[in-house]
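What follows is a set of notes on a single structure, which appears directly below.
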Amino acid sequence: MVAFVTQFVQTLIYGLIEGSVISVGAVGLTLSYGVTRFINFAYGEFLTYGAYLALFLSGAGLGLSLPLPVATIVAVLVVGAFGVGVSRVFFEPLSDRGPLPLLITSIGVAFILRYALTAAVGVSAKQLPVPLMRPVEVFGVGTTPLRAAVFLVAIATMLLIHVLLTYTMLGKTMRATSGNRNLAEIAGIDTDGVVRRTWFISAGAGALAGVLYAVLFAPFRPTVGFEYLIVIFAATLLGGIGRPYGAMIGAIIVGVAMNLGTTYLSAEYTMAYAFAILVGVLLFKPDGIAGGEI
Amino acid sequence: MGVFTPTALLSLPGWGSFLLTVLTIAGIYSLLTLGLNIHYGYTGLINFGHVAFFAAGAYTAALLTVPPPAQVSGAEYVFGLNLPMPLGLPISLVAAAVVGGLLATLIGATSVRLGSHYLAVATFALAGIFGSVLENEAWLTNGSFGLNSVPKPGRAAMSADTWAVAYFVFVVVVLVVVAFVLSRLTGSPFGRLLKGVRESEDAAQMLGKNTIRVKLTSFAIGGAVAGLAGGLYAHYVGSVVVQQFVPAVTFTVWAALLLGGVASNTGAVFGAFLLVGFRESTRFLTNIYDSLLASLPTVAADALRLAVEPLPDHASFVPSLRFVVIGLLIVLVIRYRPEGVFGDPNEIDAIGEED
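Taken in order, these protein sequences are the chains called R and Y.
Going letter by letter, the first sequence gives residues 0 to 293 in numbering that gives the first Met the number 0.
Going letter by letter, the second sequence gives residues 0 to 354 in numbering that gives the first Met the number 0.
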């Protein structure tokens, strides 16, 4: 009995930690959906680029060895700016053509980004320079300080996004643009600027999620983001697309469910639990728990 | 990567047999593209999980015809029906098409009600689930080792080259028949109904059409064609392994369809041949490079070597660039020529204007 409770609580903890990482990515994806109105299949590549950039900056390849936190911040900023560039080059020229061309284009963009990176660095698995740590345990459950740090960074990011959306002018204009772009424009909001800043935040959040994921589940390959994309989709749609707070809750549910499933059902189907949640949401409540915007 | 490659054939001498391989694979991909064209081109359904129907057909054909596990060393799967070849071939291919169509109906039933974005995500996710089932349920699929003794019908009776020619002819015949049936279908009242749903689902509903049913039927037809392609593929390559059925297959077919021309069966076949031709021919870039180095005068060879030296030196460099090109192709076609080479601009105007 004690062993069962210990294992259950431990699984919940891992689920919460993974869920917090998913939430960073899911919020990023959902924010950009809010203003651009298409599901970006290239979003996973921002995770990949974040992880690889942090890797290069913190020790491999470029002759730099920044501390990982610094490398992460630089990676988030660079990938954020890169996201703005990607939207300028690939998506903005199509913005008046409806959602389908954008959706299909995002698949093309995903291929370009992923395989350009693969061509440059190869498919061998890489690992961020993180120390091996002994878990800190209380009553037989616990986690490593590193995983705890990942959780705290993710939670801090959520709080930051909450403050941004609720208290800053940018956040208010983002919500206004997401709610009704034409109305926002008439009200004098520079919606193009809002869209650009949203891309920055969205891609930056993706990069951060990529680094956190790489810390949790080293080693990784150039396909890491694309493979994790479905998990992020599941969280995003569960929360109701376009709803940042819904995405946070959805991410925690998906993270916990994946870990429970892996522990108690079958360890081979980790991703499939996220798929199953996704399909369940689509079947029974396609607008998600917070009432999505489609 | 590692999507296809019937290496058993590449070991044959000469460009002729290589060309034949490319053309045969292109024929099979043409069927895949024709199937997707029914979904997206004619009905406006975004299917990002097409590879699942292909895989379903391939595994069905394999399971019907591989020898029982007792005859194969290291087998984990529990049954193989060992249908005799070539008489079992029609059964195997029909079953592949039926299972492809059934899987498509099943996946469609969960998601054709949804808007196009949700449908895209749902098909993508369901294909992912299907892929992980194939990988993990080793009792059925032999897991990641795959089923490697799929019979090549008639192979025992002829030489390798003759068989390659015969199978190519067979694929072409199947392709022609399927293309003919599909063009009759899309030209029929039912075809206009599909297009009607594509142009305006609301209008079709107003006219009393059961649009959900129409979309499901469309899904089933396209899935069955993809399943048939899977069966042909399994008997051609002689093995089915999960690594052959990755999302990259789905999006290669998408690139072929977009390039050839949405809602054009000619375009679908053209696009598939072009895409597969491109994909296969770039396999030889490194060989060409090596033979250039050997044949050029020393000065020119050194210059070439210098020019190439800064490029990354690993095995996935050229295969990766191939997918970069496929991605670029999707982006460029959508932006500059959304109707593709053979498509009609008026046909695609209405796709996606669902709101």
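For every residue, glycine included, the Cβ atom is placed at its ideal position computed from N, Cα and C.
According to DSSP, Y:K359 sits in a beta bridge with which residue or residues?
In this structure chain Y extends from 0 to 354, so residue 359 of chain Y is not present and cannot be described.
Check whether the segment 182-200 of chain R and the segment 10-23 of chain R are in contact - that is, three or more C-beta pairs closer than 8 angstroms.
No, because fewer than three Cβ pairs between the segment 182-200 of chain R and the segment 10-23 of chain R fall closer than 8 angstroms, the two stretches do not touch.
Excluding five sequence neighbours on each side, which residues of the same chain lie with their C-beta closer than 8 angstroms to the C-beta of Y:V77?
Taking the first residue of the second sequence as position 1, residue 77 of chain Y is located at position 78. Result list for Y:V77: P68, W138 and L139, in chain order.
Cutting at 6 angstroms between CB atoms, please list the residues of its own chain near R:T262, excluding the five before and the five after it.
Translated into the one-based positions of the first sequence, residue 262 of chain R becomes position 263. Result list for R:T262: T10, in chain order.
Quick check: is the beta carbon of R:G24 nearer than 8 angstroms to any beta carbon in chain Y?
Translated into positions along the first sequence, residue 24 of chain R becomes position 25. Not an interface residue.
Under 8 angstroms between the Cβ atoms of R:A250 and R:A25?
Working through the first sequence from its first residue, we reach residue 250 of chain R at position 251. Working through the first sequence from its first residue, we reach residue 25 of chain R at position 26. Result yes, Cβ atoms of R:A250 and R:A25 sit closer than 8 angstroms.
The segment 272-286 of chain R: positions lying closer than 9 angstroms to chain Y by Cβ
A273, F274, A275, L277, V278, L281, L282 and P285
Does the beta carbon of R:Y48 come closer than 8 angstroms to any beta carbon on chain Y?
In the first sequence, counting from the first residue as 1, residue 48 of chain R sits at position 49. Output row for R:Y48: interface = no.
Candidates R:I72, R:T104, R:L236 and R:A213: which alpha carbon is nearest R:A124's?
As a first step, residue 124 of chain R is located in the first sequence; it is residue number 125 there, counting from the start. Of the candidates R:I72, R:T104, R:L236 and R:A213, the one whose C-alpha sits nearest the C-alpha of R:A124 is R:A213.
Taking a contact to mean a Cβ-Cβ separation below 8 angstroms, would you say R:L101 touches R:F90 in this structure?
Along the first sequence, read from residue 1 onward, the residue named residue 101 of chain R stands at position 102. Along the first sequence, read from residue 1 onward, the residue named residue 90 of chain R stands at position 91. Yes; because the gap between Cβ atoms is below 8 angstroms, this pair is in contact.
Is DSSP giving R:I12 helix, strand or coil here?
For the purposes of this step, residue 12 of chain R is taken as residue 13 along the first sequence, with counting starting at 1. Residue state, collapsed to three classes: helix.
Would you say R:T104 reaches chain Y, if we count a Cβ-Cβ gap shorter than 8 angstroms as a contact?
Numbered from its first residue, the first sequence carries residue 104 of chain R at position 105. So, interface residue.
Using a 10 Å radius around the Cβ and a threshold of 16 neighbouring Cβ atoms, would you call Y:Q243 buried or exposed?
Taking the first residue of the second sequence as 1, we reach residue 243 of chain Y at position 244. So Y:Q243 ends up on the buried side.
Span separating the alpha-carbon of Y:S158 from that of Y:Y235
As a position in the second sequence, residue 158 of chain Y is number 159, starting the count at 1. As a position in the second sequence, residue 235 of chain Y is number 236, starting the count at 1. Using only the alpha carbons, I get a separation of about 15 angstroms.
Return the residues of the segment 18-50 of chain Y that lie within a Cβ-Cβ distance of less than 8 angstroms from chain R, sorted by chain order.
Cβ contacts with chain R come from I45 and F47.
Beta carbon proximity, Y:P337 to chain R, threshold 8 angstroms:
In the second sequence, the residue the question calls residue 337 of chain Y occupies position 338. Yes, its Cβ sits closer than 8 angstroms to a Cβ of chain R.
Collapsed DSSP secondary structure at R:K284 in the structure displayed
In the first sequence, counting from the first residue as 1, residue 284 of chain R sits at position 285. Of the three classes helix, strand and coil, the one that applies to R:K284 here is coil, per DSSP.
Would you list, in chain order, the members of the segment 126-146 of chain Y that have their beta-carbon closer than 7 angstroms to a beta-carbon of chain R?
G127, I128, S131 and N135
Can you tell me the Cα-Cα spacing of Y:R183 and Y:A57, whole angstroms?
Mapped onto the second sequence, residue 183 of chain Y falls at position 184. Mapped onto the second sequence, residue 57 of chain Y falls at position 58. Cα to Cα, the separation comes out at about 26 angstroms.
Rounded C-alpha distance that separates Y:K151 from Y:V261:
In the second sequence, residue 151 of chain Y corresponds to position 152, counting from 1. In the second sequence, residue 261 of chain Y corresponds to position 262, counting from 1. Between Y:K151 and Y:V261, the C-alpha separation is close to 34 angstroms.
Per DSSP, cross-strand counterpart(s) of R:E136:
Here residue 136 of chain R refers to the residue found at position 137 of the first sequence. In the DSSP output, where bridge partners are listed per residue, R:E136 has R:G141.
Which residue from Y:L30, Y:V340 and Y:V332 puts its Cα closest to that of Y:F179?
Within the second sequence, the letter at position 180 stands for residue 179 of chain Y. Closest option to Y:F179, Cα to Cα, is Y:L30.
Residues of chain R with a CB under 7 angstroms from the CB of Y:S110: which are they?
Here the question's residue 110 of chain Y lines up with position 111 in the second sequence. Within 7 angstroms Cβ-Cβ: L281.
Counting along the chain, where does the alpha helix (DSSP H) carrying Y:R443 start and finish?
Shown here, chain Y extends from 0 to 354; a query on residue 443 of chain Y therefore has no answer.
Answer with yes or no whether the minimum CB distance from Y:I329 to chain R is below 8 angstroms.
Against the second sequence, residue 329 of chain Y aligns to sequence position 330. Yes, contact with chain R.
Span separating the alpha-carbon of Y:N345 from that of Y:G339:
For the purposes of this step, residue 345 of chain Y is taken as the residue at position 346 of the second sequence. For the purposes of this step, residue 339 of chain Y is taken as the residue at position 340 of the second sequence. Their Cα atoms are separated by approximately 12 angstroms.
Answer with buried or exposed for Y:I287, where buried requires no fewer than 16 other C-beta atoms within 10 angstroms of its C-beta.
By 1-based counting over the second sequence, the position of residue 287 of chain Y is 288. So Y:I287 ends up on the exposed side.
Residues of the segment 2-31 of chain R whose Cβ lies closer than 7 angstroms to any Cβ of chain Y, in chain order
none
Take every Cβ of the segment 210-227 of chain Y, pair it with every Cβ of the segment 100-115 of chain Y, and state whether three or more of those distances are shorter than 8 angstroms.
yes
To the nearest angstrom, report how far apart Y:G230 and Y:I211 are at their CA atoms.
Counted from its first residue, the second sequence places residue 230 of chain Y at position 231. Counted from its first residue, the second sequence places residue 211 of chain Y at position 212. Roughly 28 angstroms between the two C-alpha positions.
Considering only residues of the same chain and omitting the five flanking positions on each side of Y:L9, which have a CB-CB separation below 6 angstroms?
In the second sequence, counting from the first residue as 1, residue 9 of chain Y sits at position 10. For Y:L9, the predicted structure reports a pLDDT of 42, less than 50, and the residue's modelled location is therefore unreliable. A value from the coordinates is still provided. Within the same chain, Y:L9 has no close Cβ partners at all.
Look at the alpha carbon of R:Y114 and the alpha carbon of Y:F322, and state the distance between them as a whole number of angstroms.
Working through the first sequence from its first residue, we reach residue 114 of chain R at position 115. Working through the second sequence from its first residue, we reach residue 322 of chain Y at position 323. Taking the straight line from one Cα to the other gives about 6 angstroms.
At a cut of 8 angstroms, does the segment 253-270 of chain R reach the segment 204-211 of chain R through at least three beta carbon pairs?
no
Alpha carbon to alpha carbon, what distance is there between Y:I329 and Y:L257?
Here residue 257 of chain Y corresponds to residue number 258 of the second sequence, with the count starting at 1. Here residue 329 of chain Y corresponds to residue number 330 of the second sequence, with the count starting at 1. Computed Cα separation, rounded: 7 angstroms.
Once the 5 residues before and after R:T71 are set aside, which same chain residues still bring their CB inside 6 angstroms of it?
To locate residue 71 of chain R, count along the first sequence from 1; it is residue 72. These residues qualify, in order along the chain: A53 and V210.
So, is R:T104 buried or exposed, given that buried needs 16 or more other C-beta atoms within 10 angstroms?
Start at 1 with the first residue of the first sequence, and residue 104 of chain R comes out as number 105. Buried.
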